[in-house]
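Only one structure is covered here, and it is reproduced in the block below.
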Amino acid sequence: MTLRSTTPAAVRVLLAATLAVAATACTAGRNGSSGSSTSTLIVNTSFVYKTLDPGRAYEQTGYVALHAMYDSLLTFTGTDVEEPKPNLAESYTASDDAKTFTFTLRQGATFADGTPVTAEDVVFSLNRLQNLKGSSASFFSGLEATAKDARTVVITSEEPNPTVPVLMAMPASGILNRKLVTQHGATDGEDAATADKAQQYLDQAAAGSGPYVLERNTPGSEIVLKANDKYWGTKPAYSRVVIRNMDVQNQKLTMTRATDAEIALDLSGKFLDGLPETLSISQKQDTVYFAFLNTDPAVSKVSSNPKFAQAMRAAIDYPGLAALFGRGGGTARGLVAPAYPGALGEGEELKRDVEKAKRLLAEAGLNDPSVEFIYPAITYRGVDLGTVATKVQGDAAAAGIDIELTPLPLTAFLERYRGGKAPMGMTPQSLSYPRAESIVKVMSPGGVNAERMNWSKGYGAEEAGAAAKEFLAATTDAARNEAAVKWQRAMNTDSPYLLLASNSGTVVGSPAVTGAEYTPAGWTVDLAAVGVKK
Amino acid sequence: MRRPLVLIALSVLGAWLLLAVLAGVVSPYDPLAQSADTYAPPSAAHWFGTDELGRDVLSRVVHGARLSIPLALAVVVLALLLGGLLGLIAGYVGRAVDEVIMRLTDLVFAFPQIILAMAVTAAFGPSPANAVLALVIVSWPVYARVIRGAVLGIRGENYLGIARMLGVGPITVLRRDVVPNSVGPAVVLATLELGNAVLLLAGLSFLGLGPRPPAAEWGAMIALGAADISKWWVSVFPGLAILTVVLACNILGDAIRDRFDVGHR
Amino acid sequence: MSGALLEVAEVAVEYRDRGRGRVRAVDGVSLSVAPGQIVGLVGESGCGKSSLARVAAGLAAPAAGQVRFGGRPLTPLGWRRRPRAEVGLQMVFQNPYSSLNPRRTILSQLLDGVPPDLPPAGRREHALHQLERVGLPESAAGRYPGQFSGGQLQRIAIARALAANPKMIIADEPVTALDVSSQAQVVGVLSQLVRELGVGMLFISHDLALVHRLADETAVMYLGAIVESAPTRRLWREPRHPYTRALIEAIPRAEPGAGLPKVLPGEVTRPESGCRFRARCPHAFDRCAEEPPLTAGPGGRVACWLDARVPTPERKGA
Amino acid sequence: MLLRSVLHRSVLHRSAVLRSALLRYVLRRLAIAAGLLLGSTLVGFALVQAVPGDPVAANLSDQALGDPAAVAAFRAKWGLDRPLPMQYLAYLGNLLQGDLGTSQQTGRPVLADLLDHVPATIELVLPAIVLSVVLGTAIGMYAALRQGRAGDQAVRVGALLGLSTPQFWLSVLALYLFFYVLGVSPNGGRLSPQFSPPPRVTGMYSLDALLAGQLDVAWDAVQHIALPVLVLSVVTTATLVRFVRSAILEVLRKDYIAAAYAKGLPARTVLLRHLLRAGLVQIITMTSLAFASMLAGTVLVESVFSWPGVGEYAYASASALDRPAILGVCLFVAAVYIVVNLAVDLLYGVADPRIRLT
Amino acid sequence: MPTTPDTSPPAELLRVERLAVTLRGPRGPVPILTDVTLSASAGEIVGIAGESGSGKSMTARALLGLLPRGAEVSGTMLFQGRDLSTLDRRGRQRVRGAGIAMVFQDPTAALHPMLSIGRQLTEHMRAHLGVSRREAAKRAVELLDQVRIPNAAKVLRAYPHQFSGGQLQRIAIASALAARPRLLIADEPTTALDVTVQAGILALLESLRAEMGLGVLFVTHDLGVLAALASRTYVYYAGRIVETGPTAGLLRAPRHPYTRALLEARAEDGAVMRPIAGRPVNAAEAPPGCPFAPRCPDREDRCEKSAPVLAYDDGERDGRRGSACLVHGTGGAR
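Residue numbers (the UniProt record's numbering), protein chains in the order written: chain A, 1 to 534; chain B, 1 to 265; chain C, 1 to 318; chain D, 1 to 358; chain E, 1 to 334.
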């Protein structure tokens, strides 16, 4: 059922972080014990959907479907996001300076209409993505793709960029059938943002080379995929996939009774309690929740005091907060979620010390401090952010801190947050692509996000800044991961960010399915990898 | 049978008012105090169980009266004042002024209450004050129409004309002769609308457009409980609270209407 | 008519009727009332007599014509307080229950009209005196209208009008809503007032018998116009207009062997042209296709071609 | 009044006047409805202007926000670069062409969104209103005829109870009881998962399934409809019962009912022909009011029953501050209300000869 | 012409003996009628006179079984020899309309505003007379002609609001006559009408009586109307009959002080309008003893103690003078 805070909206919260919002429900239903064909896979999810145009989509539900319909050059398999695997590109090489990447296309890959996939299609798709200036375009800025021959694509980057292979695995860089989509108004020209008219077509048809094609798309209700007859790779186990809009509550009830092939994407937190043992549950902690404090004394005398941040950090009941998220929850460690490379390891969990908090407050001369705390009034991953905020408030109250909660509609929250005038607030964050890069960029002093807290100096800015510089200078994944750990420790020691907890994405599968695994790669679950239990 | 019903309604409402006043004393726990004992079903320690943060549902239901009842009263009183004033003007002045005010009420009526209230709270942000504001905006036309109707009803009464013929000024006539004879139905309506206001407020809160957390508000509590209907006690008890208050208000409103013999709107 | 207290001159009243444009309820009526005189205005429901009463009292503005009170034009009630001079013109309505505010005491309502130049102590006295005048005890002053019967309320309404020391009273069907027993009381009070105080009175009623009992002068209205007016005695004895005659003959008499009253055929419908009574008139003839003017003669005024004094119209080719 | 009736009596013989009177009545109603529609666009537009938040900030990623070209493109697309009155006029212009703007949330034309959501709501509201009217009239009449007796008392208390129950709470309870505990009802939503929606004709699944001959789908759709319809009907029925009861009581006091009995008509004829006919105008009015309040009720009920209807859409738009969608919903609902009222006014003309013939 | 009994003795239609009606009030039973005895014959117009609250309308409603729920009726009401109070529902339906019909005071209220005139004229005709729709319509046209409503065929399709009060009362009378009743109860049928219109209705009733032999019970507060119409009159006060007798005699020499007071309070040329002291009471407010005693100019001490009963000149009731007055009456105290 829809509660006060479930909101169908997909919104970007941070520079390189998505806040995917659990959506309202739609067609739901009891999973009948009879009827459905074994070759249909039902995917129950709260829709967060705007479009099925790979160049424009930026939402969870769209990504699930897009990943099944559009192959990209590389991909991640299973739950592993360390190493991009070949997909349309059978191999790639990177230059030492991490500026030039050469991809060799697979032979025999065809689009759903039988046309072979060529380098031209790749260049067209990447150019279109950049020129559409959609929400993911910026990750690709500074990259340039050229077709060396029909099977070779060279991508060059202005800056050293070890994440290019990862970007080539994102759903946004799915390769479109150039001939087909240009017939329907697509263009990769500079003016694509206004000249491209293909969205309507792409919302109702698939123009990719993936294992599935679009059968029917009823926005807000269901997206039906059917197996691509001309798929170049291994045929998927299910000939049909119905992705249908269902709120979390119904997903739980439906899964409880599910006997056919059915998976649910949004069951998390308490909703996982009491599920039958026969269901498979796959989780990855890929989201962190953090609170932020404004460092500008003009905004708040309280939040701008670094000692207050320390006191808050000591006041929070981390395991208790984590418990709110149920079995997917994790006690706070670092800003990079545990699912991603560069996350802080076990044993580095933050700890509560109420006495210390009180002492710090006394040292700072803050008696009964009171501060406003904004948060988006939504339910995210099955947990009402209001509940999380209320818990934080309760913990702070134990240390003598008065937090005044201000729930805001998402857009209003974003406006206040971005306006830099909110004294304190909270938001969840997950990554747009499985690398720490973007959050290091935006959350370090001088970054877009840090600026919202007016954080450029003091408040631990020097240490954090240095760690960030080190991170960006690294040209290999391994070096970057090491730098990310350092950066997070610095941020945990002294910064206007208060890490609250981490939480998991979850995929729950009915007893009839196998391989229903949650992936932090961006598309939640690889539909083509879901199998039939024998 | 009517009389005992009215007595019961009176005592229920009285009990709620008392609970609201004495909430701090009679509720067994701090309504905001969280505990590790989350989602505990009703027991001797927690008669109504606990919610997702381990807060005592009974204490929260009792404290909810402190919010719902005064807010509903505020809605009704403010709407009565605003609607009453406009209705009085429309009915007494008549002609173009009447036409304008009545078309305005038509317009407000054209938007279903909760949808308009939702839009208003969405526009001004969720808060108790804004919820009240939204509900006043959507409910004043009822009073305006009733008062206007009453004024029109007595505009044909000879005593108004006689007073004017005796040299009494129009404003004095309005004050002494028109107002006392036309507010009755609206006041009766207000008692009937009190229950409705409680319902609408709870509805807005249910949608997250009412008082901010962690406030113990009945509608919001039902919403929290509805997140997992297997924990029935979290939503059932606040719902019963709303039901009893609204029912008592409606029974009393009915009784008052019967007593003063004022027709339906 | 120089001594007239109230003069109604060529007054017309119109109503705006949705979908039908303007409807003329009163069509050029003139009459006057002198101090100490009771003028009766008789007509059946819908003839426009109440509309005329409201205009004559200044409660509404006429569509045409003029009302003069005490020699000066009467200003219809608007958003201003009524001028003191015009407070001398008062009205008593048909429904006594509607004439008093049920939520104010009798005294407070009596005080409404007490002249402001009286000293505060005298004001109450003055108000109570009016109660006495209409035959009610002073104790009535502290009570509320709901505690009185219709007849008593009507007398209180009269007292209320008297409190303003009126020179002229318009009584619009003042006893129609009352029981037979109260009717006589109220009529008694009214006629006594005229005699004692020398006020003028326009007495409007559908009951010709009642007007006959009370009025010095009687005007008969039919479909918005006066068809005959004359000293009451004369009018009753020898009605000149066929409608007046029909009215008188239709009154049942509580006398043994009175017989059934005479029936006036037809319905109250205004003909397209000519005499407004033409369609129902037993004497209608060619000439009635033209509307007869209300012509004054020694015995009063009448609008009928049958009456000798009404001038023969000059008709082309006739 | 009397005067009027006297002057109008001869109308009977003038059918031309008669017809033009009816025509004038209809035209006047139409004009009022049109004025209200225009007014509601203004109110809706003004309301949406009060919605806080820069839609640009809310809808573009930070990268795009840094790009003036992208911001300008967005503003131009939504007409945000023009002054307010111009925006309103532009909105009106688009409206006349059936263009309600594009939802910022779904990225689809609001009209298309509405067309998807409206049939779902109609599928709930239509049966609920029919059920409520039938039940409300029957029970209300029953109570009026037994005024003061036990049956009447029971009905009055029951109606008060129905009026006092929060709809959203009732929905939660109903779902808990009938789905979770008893398992006799399907969960929320419009259709069980094993079924695909039938080919769209009306957009109402039960009807479309019947049209397509898919009896099992139709039956499943009906099962899904049942619980929300019942919940929606409770309040409306209670309201109608009270209205009908008092309307019938009022009619019962009329002389013409006594006259009908005095003529020796059987009680059934008096009830069904004389009593009900006289109460009809009021019942029609109440039904239209009930219809409006039911539309409002769908917001809460749909949200509990995961019903992708207009109420759900309204709520989603309001919580996302999706201006074009909020405006679209408001206008749609207002338009429905106004049209229903117009229909009711015209129905008056059919039901009441006094309106039809003067 | 005032009616005098025909040469052949008229068939007695109605005989009411010692009728008493009590209503259920919020504070216990409320007496409405006490000890009412009256009769009416075919071809006779009988008047019932009295002020508001005297119980004259309740007599009419009691005869038709139209009293409010909870009313208690005692005494006998014989219509054509059958006791009305023992009839079952079907029997009562048959008597209503086909035996006794009623015409109400306010014709604008007594006709259903939303049903066509035709329907209201014919619906009970078809039930009572078993005629076809076509025959009923034909008869309806005849009836309208009979009550002098022109354009009858057109009128059938019209609705009540299109007619004036006088026309409506004629239509109401036509409707009452539709099922060929023997007795017509006319409850203040002309009170709401203008005098000229009233004259027409009175003439109509008289002609119906004369032509069809209809019995009419004419209820009014205006003795003048009865003078012209009724052969016999009953005068009501406070829920009982205080005087009765042939109308002419009753008017010429009223015996009961109330009858006399009523006559004197009338505005008629020549006579002085003499007000009656006090105000009328209904049966429930009536004091013990003679109910009129507090207002009576001829009151004696005994009047306040014992209630007079209606006694007749020579013991035979119908057509005889009788009055219930201790001072001027023929009878004594109970």
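Cβ coordinates follow ideal geometry from the N, Cα and C atoms, glycine included.
Only a predicted model underlies this, so the values are computations on that prediction, with no experimental measurement involved.
Three-state secondary structure assigned by DSSP to residue i
{"i": "Asn503/A", "result": "strand"}
{"i": "Glu272/C", "result": "coil"}
{"i": "Val301/D", "result": "helix"}
{"i": "Ser300/A", "result": "coil"}
{"i": "Leu10/B", "result": "helix"}
{"i": "Ser319/D", "result": "helix"}
{"i": "Pro96/C", "result": "helix"}
{"i": "Asp145/E", "result": "helix"}
{"i": "Asn101/C", "result": "coil"}
{"i": "Ser282/A", "result": "strand"}
{"i": "Ala303/C", "result": "coil"}
{"i": "Gly43/C", "result": "coil"}
{"i": "Arg27/E", "result": "coil"}
{"i": "Leu293/A", "result": "strand"}
Per-residue burial, residue i [other beta carbons within 10 Å of its own, 16 or more giving buried]
{"i": "Ala129/B", "result": "exposed"}
{"i": "Leu96/D", "result": "exposed"}
{"i": "Ala28/A", "result": "Bear in mind that the predicted position of Ala28/A carries a pLDDT of just 31, short of 50, making it too unreliable to give a figure here."}
{"i": "His256/E", "result": "buried"}
{"i": "Gly345/A", "result": "exposed"}
{"i": "Phe285/C", "result": "exposed"}
{"i": "Gln185/C", "result": "buried"}
{"i": "His283/C", "result": "exposed"}
{"i": "Trp307/D", "result": "buried"}
{"i": "Gly161/B", "result": "buried"}
Cut-off 6 Å between Cβ atoms - residues of its own chain near residue i, not counting five sequence neighbours on either side
{"i": "Ala219/C", "result": "Leu31, Leu41, Ile226 and Ser229"}
{"i": "Leu214/E", "result": "Leu184 and Leu208"}
{"i": "Pro126/B", "result": "Leu209"}
Spatial neighbours of residue i in its chain, beta-carbon cut-off 8 Å, leaving aside the 5 residues before and after
{"i": "Pro275/E", "result": "Ala265"}
Identity of the residues DSSP links to residue i by a beta bridge
{"i": "Lys217/A", "result": "For the sequence presented, residue 217/A should be read as Asn rather than Lys. Answer by DSSP bridge pairing, in chain order: Ile223/A."}
{"i": "Val371/A", "result": "Ile403/A"}
{"i": "Phe325/A", "result": "Answer is none; Phe325/A lacks a bridge partner."}
Other residues of its chain near residue i: CB distance less than 7 Å, five sequence neighbours each side excluded
{"i": "Asp313/E", "result": "Arg320, Arg321, Gly322 and Thr330"}
{"i": "Asp35/E", "result": "Arg18, Ala20 and Arg240"}
(request) May I ask you to list, following chain order, the residues of the stretch 266-278 of chain A that have a beta carbon less than 7 Å from some beta carbon of chain B? (result) Cβ contacts with chain B come from Lys270.
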